[in-house]
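**Q**
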Amino acid sequence: MRPTRARRHRTGGVIRFTAATLAAMLAGGALFVSPSAAVAAPTIAERQQWYFDLLRISEAQKISNGAGVVVGVVDSGVDASHPDLQGQVLPGKGVNGEAADGRSDREDGHGTGMAGTIAGIGGGPNRMTGIAPGVKILPYAVGADDQSMELGAAGIRWAADNGAKVINLSWGGGTVTPQYLADAVNYALSKDVVVVAAAGNLSEGAREVITPARIRGVIAVTGIGTDGAFWAAQSAQGRGAVLSAPAQDIIGPQPPALSESGYGIGGGTSAAAAIVSGVAAMVRAKYPDLDAANVIERLIRTADDKGPEGWDGQYGDGIVNPVAALTEDVPAVDRNPLLGDDTDGGTAAEPAPEDDGLAGNTVLLIAGGICLLLVVVVVVAIIAAASRGNKRRPGPPMPVGAPGPYPQPGPYPPQQGGYPPQQGSPGYPPPQPGPPGYPPQQQYPPQPGPQYPPPGPPYRG
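Its first residue numbered 0, the sequence shown is counted upward by one per residue in numbering that gives the first Met the number 0.
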């Protein structure tokens, strides 16, 4: 039988609602701020404050803003016309019917959200500032849901060949790595590229770290909640986790066709990966002579240890610390620290065995950065309580795992509260009244998934 081609599956029910819808919700007793109080709603900058404070982003940006570094975003495309991304997006490539240069995002705004998280230029209280506003984004647009994962692999190769020094992969799926995806990642690593990928979301059935994040040499990023602790309600965890970063209630730019305000908010490890990609770009700009191996070493050595001392399956080697990564003395290494020991017999991007036939059916899950998307305005009650631990030298993550049943997506978790309308960015129309009633959230039928053993230590050869 001819094997089924691995497919990508874009996840997350998009909820779009207007002032009239919110008013109807209020009348129904929902717990949220009335639209009449919108004048007092937090600005976009204030909504970003929880993770800017947690990671000391403003302090880090005084040291480096990523200028001169190109970050490849292999995703749905990037809306280069958004006010927060104007001048930030290089001509890229689009496939599968997307704009030839990748500088549009017609499907769901996921790539635009990731690009804004990395490189938004800000410019006011209702404009979004990215982690590294000095970088340039190189988009590779693969289009809508349910496309071949081979398109993503081709995007990795293309970005590596066209100047990207960091590649952000805010997607993934399953625990079996197709050989072509492993080969593409290995190719990027051989071209001195830092590859960052989302660990996966529970809402998409990702109980363990998914591929491509689980491939050796890749920085797999798990998610932190607004309380500064591991976001156990959403983030995948386990062997292969490398770093953690904020993932909950992350606001990002959206194409005007998808959001009347030009912004959306959501959560997932997509956003966490984009944040780490931005920090990696800051380090590459600050230390232009460092190769990718030493950039990765710097990121993991300076991470803030959380949870049990040393590596653990939730935080990996810790929460990324941009200021420490930019300022501390870190001994040099001669190879990517995530590749394992010389004696382990592995290769840079080693795929799992594919003898059970499941690799051909791997589903690519967009790992959520704006996947639990609430388009239009939001009021988020933020508690940015963070404690930082001690730094230590981590071990490499595990190789790609053994094949097993792929967990099917379950229902999306309920969104917290309702949200009043927000003032949009210049050039974007304000939200218009819509029909009353709250649009039901899209659900996938819950499927039983396999049970996994408790996470163990990272692979050490």
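Virtual Cβ for every residue (Gly too), placed ideally from N, Cα, C.
(1) At least one CB of chain D closer than 8 Å to the CB of N125: is that the case?
(2) Which value, in whole angstroms, describes the spacing of the CA atoms of G154 and G122?
(3) How far does the beta strand (DSSP E) with N335 in it extend, from its first residue to its last?
(4) Got a sec, what are the start and stop residues for the beta strand (DSSP E) N167 sits in?
(5) Bridge partners of I120, per DSSP?
(6) List the residues that DSSP assigns as beta-bridge partners of P211.
(7) Indicate the three-state DSSP secondary structure (helix, strand or coil) for K92 in the structure shown.
(8) Tell me whether G261 is buried or exposed, calling it buried when 16 or more other Cβ atoms sit within 10 Å of its Cβ.
(9) Run the proximity test for P90: is its beta-carbon closer than 7 Å to any non-hydrogen atom belonging to the ligand GDP?
(10) On the three-pair Cβ rule with 8 Å, is the segment 275 to 286 touching the segment 316 to 336?
(11) Spell out the partners DSSP gives G151 in its beta bridges.
(12) Pull up the DSSP beta-bridge partners for N200, would you.
(13) Counting only runs of 4+ residues fully inside the segment 285 to 340, write out the alpha helix (DSSP H) ranges in chain order.
(14) Roughly how many angstroms separate the alpha carbons of L25 and R238, rounded to a whole number?
(15) Just to check my reading of the structure: T128 and H81 have Cβ atoms closer than 8 Å, yes? What is that Cβ distance to the nearest angstrom?
(16) Let me confirm a value: E308 is counted as buried when at least 16 other C-beta atoms fall within 10 Å, else exposed. Which label applies?
(17) Just the Cα atoms here: how many angstroms apart are T116 and Q178?
(18) Taking only the alpha-carbon atoms, compute the straight-line gap between Q253 and G222 and give it to the nearest angstrom.
(19) What does a CB cutoff of less than 8 Å around Q85 pick up in its chain, not counting 5 residues either side in sequence?
**A** Answer, in terms of the structure:
(1) Here chain D cannot be found, since the structure has a single protein chain.
(2) Position 155 of the sequence shown holds residue 154. Position 123 of the sequence shown holds residue 122. Approximately 31 Å, taken between the alpha carbons.
(3) As a position in the sequence shown, residue 335 is number 336, starting the count at 1. First-last for N335: undefined, no H or E at that position.
(4) Working through the sequence shown from its first residue, we reach residue 167 at position 168. V165 to L168 is the span of the beta strand (DSSP E), which, as asked, contains N167.
(5) As a working mapping, residue 120 is identified with position 121 in the sequence shown. Per DSSP, T128.
(6) Reading the sequence shown from its first residue, position 212 is the one you call residue 211. DSSP lists no partner for P211.
(7) Position 93 of the sequence shown, counted from the start, is the residue given in the question as residue 92. Here K92 sits in strand by DSSP.
(8) Along the sequence shown, one-based indexing puts residue 261 at 262. Buried, since its Cβ has 16 or more Cβ neighbours within 10 Å.
(9) With respect to the ligand GDP, the structure shown offers nothing to examine, as it has no ligands at all.
(10) yes
(11) Taking the sequence shown and counting its residues from 1, one reaches residue 151 at position 152. Looking at the DSSP assignment, G151 forms no beta bridge with any residue, so it has no partner.
(12) Locating residue 200 in the sequence shown gives position 201, counting from the first residue. In DSSP, N200 forms a bridge with S234.
(13) 291 to 300 and 321 to 326
(14) For the purposes of this step, residue 25 is taken as residue 26 along the sequence shown, with counting starting at 1. For the purposes of this step, residue 238 is taken as residue 239 along the sequence shown, with counting starting at 1. Low confidence applies to L25: its pLDDT is 25, below 50, so where it sits in the model is not reliable enough to give any reading.
(15) Translated into the one-based positions of the sequence shown, residue 128 becomes position 129. Translated into the one-based positions of the sequence shown, residue 81 becomes position 82. Rounded, the Cβ-Cβ distance is 13 Å, inconsistent with contact.
(16) Within the sequence shown, the letter at position 309 stands for residue 308. By the 10 Å Cβ count, E308 comes out exposed.
(17) Here residue 116 corresponds to residue number 117 of the sequence shown, with the count starting at 1. Here residue 178 corresponds to residue number 179 of the sequence shown, with the count starting at 1. If I take the Cα positions, the gap works out to 30 Å.
(18) Sequence index remark: in the sequence shown, residue 253 carries index 254 (1-based). Sequence index remark: in the sequence shown, residue 222 carries index 223 (1-based). Distance between the alpha carbons of Q253 and G222: 22 Å.
(19) On the sequence shown, position 86 is the one that residue 85 refers to. The residues are A79 and I120.
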